[in-house]
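Some notes on the structure that comes next.
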Amino acid sequence: MDTSNEYDSVIAVCKSLFLKKTKDYGTAWRILRLSSITDQLFIKAQRIRTLEEKKISKVGEGIIPEYIGIINYCVIAMMQLNLNEDDPNELELSLVETLFDQKVKETKELMFAKNHDYGEAWRDMRISSLTDLILMKVFRVKQIEDNLGATLASEGVNANYQDMLNYAVFALIKMDVK
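Using my numbering, the first residue of the sequence shown is number 1, and each one after it goes up by one.
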């Protein structure tokens, strides 16, 4: 088990799709407010939970594309946190790739710090628990957004997006996505 390489393999799959979609659609996601991105994360996590419980998909897409979507929307959210209204809506592909890599690097570093303290406990968790943790983080972010970003004793939204991204990577590692 080489967590770093497994992590990088999952991210490579997500990044490849992200960049292809950026070529197809540009950076249309720049129009989204953070609350809309949070709602997209909720939709994806809720769909995963429904599929886990019902075991049947009527749309044909399974759980893996939804986890990939969670990762990519978390990256979008973290990029949006650092961009402002003065930045153009349409970003160059090379900039998007650089920002994607930067956000993933920061998130991977956080994962390794937490992994050290928790001893890779995620490897013994059920994938459904990772889904539930993502949903819990979505609800936390929604509450922070409803509080206009103010927190009294907790991490801000960026840390929650990072945790959701890492939980989704863990799920995809457990599903042997490469």
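Note that beta-carbon positions come from the ideal geometry of N, C-alpha and C, so glycine has one too.
Straight-line gap, residue i to residue j (C-alpha atoms, nearest Å)
i: LYS23; j: PHE100; result: 14 Å
i: ILE127; j: ALA171; result: 6 Å
i: ALA12; j: VAL104; result: 11 Å
i: VAL138; j: PHE18; result: 21 Å
i: MET136; j: GLU106; result: 22 Å
i: ASP8; j: ALA113; result: 16 Å
i: PRO65; j: MET78; result: 20 Å
i: GLU85; j: THR38; result: 19 Å
i: VAL10; j: THR151; result: 32 Å
i: LEU165; j: ASN147; result: 23 Å
Buried or exposed (CB count within 10 angstroms, at least 16 for buried), residue i
i: ALA28; result: exposed
i: GLY156; result: exposed
i: LEU133; result: buried
i: LYS108; result: buried
i: ALA45; result: buried
i: ALA168; result: buried
i: ARG140; result: buried
i: GLN40; result: buried
i: THR131; result: buried
i: MET111; result: buried
i: ILE56; result: exposed
Cβ-Cβ separation, residue j to residue i (assumed contact under 8 Å), whole Å
i: ASN158; j: LEU81; result: 6 Å
i: ILE48; j: ILE63; result: 5 Å
Best match in the options for proximity to residue i [C-alpha to C-alpha]
i: PRO88; options: TYR73, GLN40, GLY26; result: GLY26
i: VAL75; options: ASN160, MET175, ASP176, VAL177; result: ASN160
i: PHE42; options: THR151, GLU53, TYR67; result: TYR67
i: GLU145; options: ASN5, CYS14, VAL10, SER35; result: SER35
i: SER129; options: ASP117, ASP2, GLU53; result: GLU53
i: GLU6; options: THR151, LEU148, ARG123; result: ARG123
Within-8 Å CB hit, residue i to chain D
i: LEU99; result: Any reference to chain D falls outside this structure, which holds one protein chain only.
Checklist entry - At what residue ranges does the stretch 100–150 contain a whole run of the alpha helix (DSSP H), taking only runs of 4 or more? => result 127–146
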